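*Asks:*
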Amino acid sequence: MKSPFKKSKPTTDTAATPEESGKKKIKLGKPNLSKPKGSGGLGKPKTKAKGKKVGSKPKKPAFDSKKFMAEVNSLNGQNYGSAPLPVKIFILAMMLAIILVLAWLLLISKKLDEIKQAESQQVGLLESYKEKESKARHLQAYEAQVAQMDTDFADLLAQLPTDTRVPELVDGINMVGSGSGVRFQDISVQPEVEREFFIEQPIQIIGLGDYHQFGSFVSGIAALPRIITMHDFEIKNPQPSLDRMPELQLVLQTKTYRAKDDVDLNATAEEVKSTKGEGK
């Protein structure tokens, strides 16, 4: 006897084809996109555009030179205010560049030249100042040296004889030559030469001897009481020989001095001092 409470098994459709079963699977996996009631659209899923970031800034348009030149060429000479902003900026930049170039050529370059000239003058003035400052620092020593030179010059002028006394001088030269062993060939008194403060008397001496005799003769000439200066000289062998010692020839140019007849020695010394004072 079957129980009246026995549950009956649910009937299954065993005859379902694979296509029907696949449709059922697709239907089950499909999302429910219907709006829930009373949600007010809050349940709508957010979708992002592919390749674009949310909140990214738009790219600036690239500079088009052809378009810019076309805008410049299409300017209205009667109304520049209607030109695009890039064209206005370009025109203002060109005007500013022209103003700067003109300012450089007309004003700044001249000022730079003046500054260079002033700098060169400054260098020259500094050099002049250094030179004058050095002279001023050593002025006392310089004046002392000048005073000493003036005194020495006056003493030398006072030592000059009023006449050359050539005969006495020739006798003194002969005595010195005899003592040193020099044999004279000639003692020639040449014409006088007039200088500013004195008269110069050249005397040429030609003698024979050797080197030692010539050295002794020159020392004796320098020891004479008269002022005698020795200048050009020449030593040569007039007769070379291998049989005997050579006898050398000395040609010596000397000068002696005397004061001018019409010149006061004291006045001349004062004139020399005044001339040096003007040259300071």
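full-length UniProt numbering applies: residue 1 is where the sequence shown begins, and numbers increase by one. All residues carry an ideal CB built from backbone N, CA and C; glycine is no exception. Bear in mind the structure is a predicted one, so any value in this text is a computation, not a measurement.
Ordered along the chain, which non-local residues of its own chain (more than five positions away) have a Cβ less than 7 angstroms from that of G181?
*Replies:* Here residue 181 is taken as the residue at index 181 of the sequence shown, counted from 1. The answer, listed in chain order, is G209, Q213.
*Asks:* Return the CA-CA distance between A223 and E133, expressed in angstroms with no decimal places.
*Replies:* On the sequence shown, position 223 is the one that residue 223 refers to. On the sequence shown, position 133 is the one that residue 133 refers to. Cα-Cα distance, rounded: 45 angstroms.
*Asks:* How long is the line joining the alpha carbons of I187 and R244, rounded to whole angstroms?
*Replies:* In the sequence shown, counting from the first residue as 1, residue 187 sits at position 187. In the sequence shown, counting from the first residue as 1, residue 244 sits at position 244. Their backbone Cα atoms lie some 27 angstroms apart in a straight line.
*Asks:* Report the rounded CA-to-CA distance for G179 versus F217, giving the unit in angstroms.
*Replies:* Translated into the one-based positions of the sequence shown, residue 179 becomes position 179. Translated into the one-based positions of the sequence shown, residue 217 becomes position 217. Rounded to whole angstroms, G179 to F217 spans 8 angstroms at the Cα level.
*Asks:* Hey, would you say the C-beta of I99 is under 7 angstroms away from at least one heavy atom of the ligand PLP?
*Replies:* As far as ligands go, the structure on display features none, and thus does not contain the ligand PLP.
*Asks:* Which residue wins for smallest C-alpha separation from L231, given the options V251, L169, V176?
*Replies:* By 1-based counting over the sequence shown, the position of residue 231 is 231. Checking the sequence, you will find His at residue 231 rather than Leu. Here the closest residue by C-alpha is V251.
*Asks:* Can you confirm whether the region 195-209 touches the region 161-176 when touching is taken to mean that 3 or more C-beta pairs between the two stretches lie within less than 8 angstroms?
*Replies:* At 8 angstroms Cβ cutoff, the stretches touch.
*Asks:* Would you mind working out which of D261, L107, D155, L139 sits nearest R195, comparing C-alpha positions?
*Replies:* The sequence position of residue 195 within the sequence shown is 195, counting from 1. Ranking the options by Cα distance to R195, first place goes to D261.
*Asks:* DSSP beta-bridge partners for A259?
*Replies:* Stepping through the sequence shown from its first residue, residue 259 is reached at position 259. Paired residue(s): F198.
*Asks:* Alpha carbon to alpha carbon, how far is I99 from I108? Give it in angstroms, no decimals.
*Replies:* Along the sequence shown, one-based indexing puts residue 108 at 108. Along the sequence shown, one-based indexing puts residue 99 at 99. Cα to Cα, I108 sits roughly 12 angstroms from I99.
*Asks:* Pick out whichever of M69, K66, R258, S65 has its Cα sitting closest to the Cα of R165.
*Replies:* Walking along the sequence shown from the start, residue 165 turns up at place 165. Cα-wise, what sits closest to R165 is R258.
*Asks:* For I187, does the three-state DSSP call read helix, strand or coil?
*Replies:* The sequence position of residue 187 within the sequence shown is 187, counting from 1. The answer is strand: DSSP assigns I187 an E or B state.
*Asks:* Please classify K256 as buried or exposed, where buried requires at least 16 other C-beta atoms within 10 Å of its C-beta.
*Replies:* Mapped onto the sequence shown, residue 256 falls at position 256. Residue 256 is actually Thr in this sequence, not Lys. Burial call: buried.
*Asks:* Express the C-alpha separation of Q121 and W104 in angstroms, rounding to a whole number.
*Replies:* Position 104 of the sequence shown holds residue 104. Position 121 of the sequence shown holds residue 121. Taking the straight line from one Cα to the other gives about 24 angstroms.
*Asks:* Which residues bound the beta strand (DSSP E) around M94?
*Replies:* Start at 1 with the first residue of the sequence shown, and residue 94 comes out as number 94. Per DSSP, M94 belongs to no beta strand (DSSP E); it is in the alpha helix (DSSP H), 85-103.
*Asks:* Among all the DSSP beta bridges, which residues are the ones paired with K236?
*Replies:* Looking up residue 236 in the sequence shown gives position 236. Per DSSP, Q249.
*Asks:* Between L96 and K66, what straight-line distance do the alpha-carbon atoms span, to the nearest angstrom?
*Replies:* Stepping through the sequence shown from its first residue, residue 96 is reached at position 96. Stepping through the sequence shown from its first residue, residue 66 is reached at position 66. Each residue's alpha carbon lies about 24 angstroms from the other.
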